[in-house]
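First the structure, in the form of structure tokens, and then the observations on it.
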Amino acid sequence: MSWIEVGTDIFCIRYAPLDQTIGAILTGEGLVVIDSRSHRVHARELLNDLRSLDARAPIYLINTHYHWDHSFGNDQFTASVIVGHMKTRQALVSRGIAMRDELATADWLEPETAQLIGEVEIAAPTITFDKLMSLMLGDRQIDMTYLGRAHTDSDIVITVDDTLFAGDLIEVGAPPSFGDSFPLEWIETLERMTPLCGGPVVPGHGDVVDRAFVESQTYEIRRAVAGEPVYPDDVMTQIAERM
Ligand SMILES: [Zn+2]
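No gaps in the numbering here: position 225 of the sequence shown is 260 in this note's numbering, and each next residue is one more.
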């Protein structure tokens, strides 16, 4: 795997499992990484790849939301401060072990993956915020913004220069995941996010996109919420269950 430079010293990397996209930002004071992947093996692979950007461990790890594939690698980032929305922390502290144990026995996961997830030590963000927080590192400003409930109740976006890391608010190459979502509010949250999209938009899964993609996915979700069958049946059922 290799890093894609989407802006000056702003990177993302694609991993085949779950078609996941991880972000990294190089600052004068060290590296910031966005999301930690699913378990020890994935997180260590990421840490190893990060070394090609900066030999030191990342100073900050930001979780875009609490989902396992974005936060269950947290326990490997022992040298980093973990930052996320207060509800990401709440979810991991109150339900992290239950989420982990459920996945560890899930028959839809590869047995090896399920076993690795069963061994995860849940590590929640230790620095949290509600609406907005900025990291001022060297001459770089990294803003983290909570725009409302959407894919979960805890999704944040990270902006640096004109790049926006959208987590799973945007899903590229597959339908969005509605299992823990708030479908109607998701539309409004994306509408609040759109003005922040002036350059590359990095999703939690799939290719880097742009504002036009965000607008088209917002429209697609709006149609799906109105009952138009724009997604496969199982996804439409998920939406109906969350309405
Ligand atoms: Zn997610």
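Backbone N, C-alpha and C fix where the C-beta goes; we use that ideal spot for every residue, glycine too. Quantities reported herein were computed from a predicted structural model and do not represent experimental measurements.
Only residues of its own chain outside the window of five on either side were considered, and among them Thr253 have a CB closer than 8 Å to the CB of glutamate 226, listed in chain order. When distances are taken from the beta-carbon of glycine 239 to the heavy atoms of ligand 1, the shortest one is below 7 Å. Straight through space, the alpha carbons of histidine 102 and leucine 127 are spaced by roughly 9 Å.
Counting C-beta pairs with one atom in each stretch, the region 167 to 179 and the region 65 to 76 have three or more that are closer than 8 Å, which means they touch. In the DSSP secondary-structure assignment, leucine 96 is bridged to Val68, Ile117.
At least one heavy atom of ligand 1 falls within 7 Å of the beta-carbon of aspartate 203. Taken from the Cβ of serine 212, at least one heavy atom of ligand 1 lies inside 7 Å.
By the 16-neighbour rule on beta-carbons within 10 angstroms, aspartate 188 is buried. In the structure shown, the three-state DSSP call for arginine 91 is coil.
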